[in-house]
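Going left to right, the sequence shown walks through residues 1 to 156 as my numbering numbers them.
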Amino acid sequence: DAEIQARITSAAQQTGENVRVGRTQVIKASGKVGAYAHYTGKVGVLVALGGNPSDELVRDLCLHITAARPMALNREGIPADLVARERDIAIEQAKATGKPQQIAEKIAEGKMRTFYEERVLLDQKFVKDDSKSIAQLLKEGGSTLEAYVRFEIGAA
Numbered sequence: 001d002a003e004i005q006a007r008i009t010s011a012a013q014q015t016g017e018n019v020r021v022g023r024t025q026v027i028k029a030s031g032k033v034g035a036y037a038h039y040t041g042k043v044g045v046l047v048a049l050g051g052n053p054s055d056e057l058v059r060d061l062c063l064h065i066t067a068a069r070p071m072a073l074n075r076e077g078i079p080a081d082l083v084a085r086e087r088d089i090a091i092e093q094a095k096a097t098g099k100p101q102q103i104a105e106k107i108a109e110g111k112m113r114t115f116y117e118e119r120v121l122l123d124q125k126f127v128k129d130d131s132k133s134i135a136q137l138l139k140e141g142g143s144t145l146e147a148y149v150r151f152e153i154g155a156a
């Protein structure tokens, strides 16, 4: 697009650096799109929310995404092969301690909950109040998170 190319050229002229765009993404929302640029200048976040979210909720979500680095919005966004591999590892670790298959599977379920809480945005504990998940925060704010994108300079 000509406008994007013009902005790249302008940034290169202003900074004297070779400016390249590594990736782009279009984000649309039925309610509000929010943006955040971290003070380091190296991380930026866009969120698309449904409903009528407050500015504070938008900012808090962006800050959380910056800090927590979620892998996916929901569990379906995590690659199935990664989930299967993690589950198999958890079962094998439990069996290695001498646990029977049924107990090993229960232990694996607990480890998978932790796996999702670390990687899935909606399952993550809110960084400003770890008594709430992001899903709970959104529900309290009367909003839904439709999409997000986290950009980091130097990241693929």
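We treat Cβ as the ideally placed atom computed from N, Cα and C, and that holds for glycine.
First through last residue of the beta strand (DSSP E) which encompasses residue i
i	result
residue 148	143 to 152
Backbone secondary structure at residue i - three-state DSSP
i	result
residue 77	helix
residue 110	helix
residue 1	coil
residue 132	strand
residue 72	strand
residue 139	helix
residue 125	strand
residue 21	coil
Assigned exposure category for residue i - 16 Cβ within 10 Å defines buried
i	result
residue 29	buried
residue 9	exposed
residue 141	buried
residue 124	buried
residue 82	exposed
residue 21	exposed
Other residues of its chain near residue i: CB distance less than 6 Å, five sequence neighbours each side excluded
i	result
residue 162	Limits of the chain in this structure are 1 at one end and 156 at the other, which puts residue 162 out of reach.
Residues of its chain near residue i, where Cβ-Cβ distance is below 8 Å and the 5 sequence neighbours each way are ignored
i	result
residue 66	36, 38, 43, 45 and 150
residue 112	83, 86, 87 and 90
Neighbourhood of residue i by C-beta, 7 Å cutoff - its chain only, sequence neighbours within 5 removed
i	result
residue 11	19
residue 146	29, 30, 48, 49 and 50
residue 27	33, 46, 48, 147 and 149
residue 155	none
Near the ligand FAD: residue i beta-carbon under 8 Å from a heavy atom
i	result
residue 84	Inclusion of the ligand FAD in the displayed structure is not the case, the ligand content being empty and no account of it being possible.
- [ ] Give, in chain order, every unbroken run of the beta strand (DSSP E) that is at least 3 residues long and sits entirely within the region 28 to 57.
- [x] Every beta strand (DSSP E) of 3 residues or more that sits fully in the region 28 to 57 is shown, in chain order, as 32 to 37 and 43 to 51.
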